[in-house]
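S.K.:
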Amino acid sequence: GNEIRQFHERYEITSLVGTICADGQHHLHMGLGDKRGVGVGGHLLEATIFTTCEIVLGECSDLEVRVLPKQKQKQKSSYES
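The numbering of the sequence shown is the numbering used here, which starts it at 1 and goes up by one.
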């Protein structure tokens, strides 16, 4: 489904990838692992860091983003409104 789930345990971040725009918009995917090694992942909407989180950001200043005409776009996924 497309439900929003909240997790209240402490997890290890195993992956965090996506885009963050200068205007504050973002599209991030996060992978987490619990103390038993069980993983979960999906779109990141909000998070609180317990101790530390090392993040490396790269800037793509020459990146051009274009929207394709409607007939060339893929069908929307269940995550898009």
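Beta carbons are placed, not taken as given, at the ideal position from N, Cα and C, and that holds for glycine. Quantities reported herein were computed from a predicted structural model and do not represent experimental measurements.
Residue range of the beta strand (DSSP E) that G58 falls in?
M.R.: From DSSP, G58 is part of no beta strand (DSSP E); its letter is neither H nor E.
S.K.: Among the residues of its own chain, which have a CB less than 8 angstroms from the CB of T48, if the five just before and after it don't count?
M.R.: Taken in chain order, the list of residues that qualify is empty.
S.K.: Would you kindly work out how many angstroms separate the C-alpha atoms of F7 and R66, rounded to a whole number?
M.R.: So the alpha carbons of these two residues sit roughly 35 angstroms apart.
S.K.: Going by DSSP, what residue range makes up the beta strand (DSSP E) through L28?
M.R.: Residues 26-33.
S.K.: For T19, which beta-bridge partners are listed by DSSP?
M.R.: Paired residue(s): H27.
S.K.: Does the Cβ-Cβ distance between T19 and H27 come in under 7 angstroms?
M.R.: In this structure, H27 lies closer than 7 angstroms to T19 by Cβ.
S.K.: Could you name the residues of the same chain whose beta carbon sits closer than 8 angstroms to that of L63, not counting the 5 residues immediately before and after it, in chain order?
M.R.: Correct list: empty, nothing qualifies.
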